[in-house]
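**Q** Encoded as structure tokens, here's the structure I'll be asking about.
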Amino acid sequence: NAGVTQTPKFQVLKTGQSMTLQCAQDMNHNSMYWYRQDPGMGLRLIYYSASEGTTDKGEVPNGYNVSRLNKREFSLRLESAAPSQTSVYFCASLDRAPKDEQFFGPGTRLTVL
Amino acid sequence: QQQVKQSPQSLIVQKGGISIINCAYENTAFDYFPWYQQFPGKGPALLIAIRPDVSEKKEGRFTISFNKSAKQFSLHIMDSQPGDSATYFCAASRRRGSQGNLIFGKGTKLSVKP
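Line order of the protein sequences matches chains A and B.
Per this note's numbering, the very first residue in the first sequence carries number 11; after that it's consecutive.
Per this note's numbering, the very first residue in the second sequence carries number 368; after that it's consecutive.
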């Protein structure tokens with residue numbers, strides 16, 4: 011039982027390059043989330059997926075797209091990376107019972123030069 | 368508009384002391400208030416949570432105090448240990464009739480000195 015896994019762990023991009031961050035969970039959770047974490051800013055929601063086949067914008071969606079490939083996998087795409095997207099990205103999935111607990115992956119540290 | 372305000376930004380406590388982190392929220396529809404703990408290089412993990420029908424919840428050395436009228440809640444860590452050194456995030460959500468998305472505070476970096 012791996013929980014929530016993310017790939018890659020680290021990535022360096024040049025401005026304008028594109029990339030996809032991968033996330034998978036093996037806990038059979040319906041809801042999945044993408045957050046970014048910046049110093050002093052806490053965790054900000056980029057996009058979420060309440061169930062397979064649905065996605066919705068969070069607080070900071072500009073510059074990102076997502077795909078809920080199936081119940082297990084939720085990917086985040088940067089089409090044209092900008093230095094402002096330098097951040098640590100976390101994927102999470104939600105277990106609504108009994109604690110309404112979000113389980114987080116280990117994160118992807120992205121630097122855009 | 369920041370819906371959950373957390374303070375302090377950083378906190379240094381001596382081993383054995385009490386660590387206190389405070390949060391305030393604005394949306395009275397929130398009905399679930401968790402605290403997440405994050406160690407360096409790791410993702411956050413749920414530490415303890417409370418619903419507004421109780422004023423206090425205790426799990427081991429960790430206690431949440433909740434003041435519904437003031438729209439405030441706080442985390443108390445008793446007998447703080449160096450292993451408690453981490454970043455703590457408070458959060459709030461509306462469970463009933465919604466997706467239950469969490470709104471996080473900006474975090475408090477706790478350092479417990481030996």
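Glycine included, C-beta positions come from ideal geometry on N, C-alpha and C.
All values derive from a computational prediction rather than experimental measurement.
(1) Is there a C-beta anywhere in chain B that falls below 8 Å from the one on glutamine 112 (chain A)?
(2) Beta-carbon of tyrosine 399 (chain B) versus every beta-carbon of chain A: anything under 8 Å?
(3) Does any C-beta atom of chain B lie closer than 8 Å to the C-beta of methionine 37 (chain A)?
(4) Do lysine 109 (chain A) and leucine 469 (chain B) have their C-beta atoms within less than 8 Å of each other?
(5) Verify the CB distance criterion: does glutamine 50 (chain A) have a CB-CB separation below 8 Å to chain B?
(6) Nearest-angstrom Cα distance between glycine 115 (chain A) and glutamine 27 (chain A)?
(7) Is serine 94 (chain A) helix, strand or coil by DSSP?
(8) Look at arginine 78 (chain A) and serine 59 (chain A) and say whether their C-beta atoms are less than 8 Å apart.
(9) Taking any Cβ of chain B, which residues in the segment 51 to 67 of chain A have a Cβ under 7 Å from it, in chain order?
(10) Report the neighbours of glycine 474 (chain B) on chain A: residues whose CB is nearer than 7 Å to its CB, in chain order.
(11) Between phenylalanine 20 (chain A) and chain B, is any beta-carbon pair separated by less than 8 Å?
**A** Working from what's here:
(1) In the first sequence, residue 112 (chain A) corresponds to position 102, counting from 1. Yes, glutamine 112 (chain A) counts as interfacial toward chain B.
(2) Position 32 of the second sequence holds residue 399 (chain B). Closer than 8 Å to some Cβ of chain A, the Cβ of tyrosine 399 (chain B) qualifies, so yes.
(3) Here residue 37 (chain A) is taken as the residue at index 27 of the first sequence, counted from 1. Chain B contact via Cβ: absent.
(4) By one-based count along the first sequence, residue 109 (chain A) stands at place 99. By one-based count along the second sequence, residue 469 (chain B) stands at place 102. Result no, Cβ atoms of lysine 109 (chain A) and leucine 469 (chain B) do not sit closer than 8 Å.
(5) Indexing the first sequence from 1 puts residue 50 (chain A) at position 40. As written in the sequence, residue 50 (chain A) is glycine, which differs from the glutamine given in the question. Yes, contact with chain B.
(6) Looking up residue 115 (chain A) in the first sequence gives position 105. Looking up residue 27 (chain A) in the first sequence gives position 17. Going by the C-alpha atoms only, they are around 24 Å apart.
(7) For the purposes of this step, residue 94 (chain A) is taken as residue 84 along the first sequence, with counting starting at 1. Serine 94 (chain A): helix per DSSP, three-state reduction.
(8) Position 68 of the first sequence, counted from the first residue, corresponds to residue 78 (chain A). Position 49 of the first sequence, counted from the first residue, corresponds to residue 59 (chain A). Cβ atoms of arginine 78 (chain A) and serine 59 (chain A): closer than 8 Å.
(9) Met51, Gly52, Leu53, Leu55, Tyr58, Ala60
(10) Your numbering for residue 474 (chain B) matches position 107 in the second sequence. Per Cβ cutoff of 7 Å: Gly52.
(11) Along the first sequence, read from residue 1 onward, the residue named residue 20 (chain A) stands at position 10. By this cut-off, phenylalanine 20 (chain A) is not an interface position.
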